[in-house]
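K.L.:
Basically the numbering used here = 1-based index in the sequence shown + 4.
By construction, the Cβ of each residue, glycine as well, lies at the ideal position given by its N, Cα and C atoms.
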Amino acid sequence: MSYRKDHGRYARLVAFVGLVLLVAYGCFHGGGLVTQLDGWLGEANTTYVDTFPLLGTLKTSTLIALAVGSVSAFVIHRILNRPRVADALIDTEEEMHKVTWPTWPETWSGAMAVVGMVLVLFFFLTVVDVVLIEVIGRLWGGRS
Numbered sequence: 005m006s007y008r009k010d011h012g013r014y015a016r017l018v019a020f021v022g023l024v025l026l027v028a029y030g031c032f033h034g035g036g037l038v039t040q041l042d043g044w045l046g047e048a049n050t051t052y053v054d055t056f057p058l059l060g061t062l063k064t065s066t067l068i069a070l071a072v073g074s075v076s077a078f079v080i081h082r083i084l085n086r087p088r089v090a091d092a093l094i095d096t097e098e099e100m101h102k103v104t105w106p107t108w109p110e111t112w113s114g115a116m117a118v119v120g121m122v123l124v125l126f127f128f129l130t131v132v133d134v135v136l137i138e139v140i141g142r143l144w145g146g147r148s
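1. Run the CB neighbour count on S74, radius 10 Å, all protein chains shown included, and call it buried at 16 or more, exposed below.
2. Quick check on this structure: which residue in G35, P57, K63 has the alpha carbon closest to the alpha carbon of G46?
3. Who does F56 pair with in a DSSP beta bridge?
4. Per DSSP, T51 is paired with what?
5. On the criterion of 16 or more Cβ atoms from any shown chain inside 10 Å, does T66 qualify as buried, or is it exposed?
6. Is it true that the CB of A69 sits closer than 9 Å to the CB of F20?
7. Taking all protein chains shown into account, decide if V103 is buried (16 or more other Cβ within 10 angstroms of its Cβ) or exposed.
8. Could you give the C-beta distance for V72 and T61, rounded to a whole number, given that I count them as a contact under 8 Å?
9. Starting from H11, follow the alpha helix (DSSP H) in both directions and report where the run begins and ends.
Okay, structure coming up:
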């Protein structure tokens, strides 16, 4: 049973999905848990299905990683439903409803201001860099 079940639904959902995706990435991405288990199991890593949707091949290492992912999802769910964590997520969602979000024109003009300033700084720093290279080159006698 969830603590304050109907409160903070979206914050809890986003936190849960984000953490589960992070664990899944660690389990199945190249160099992750499946790859480590492939090396450790060696010949004992039996292949059950050659072409398995989303996972490629279904082997012993894949089944172990799926079990780790499932247990991790259960533990994440339990942690997110602890009163202190749930209250923090509920409060976060309540505060997000109070935020005044910018309109699309405000967002666009802000983005263009940032792009403009980045370009100005790029050109300024490029000119300063070229001038300093020239000055240092003349001081060291490498350029005439």
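P.N.:
The structure says:
1. exposed
2. K63
3. G60
4. K63
5. buried
6. no
7. exposed
8. At roughly 18 Å, the Cβ-Cβ gap does not stay under 8 Å, so V72 and T61 are not in contact.
9. H11 -> no alpha helix (DSSP H), and no H or E assigned at all.
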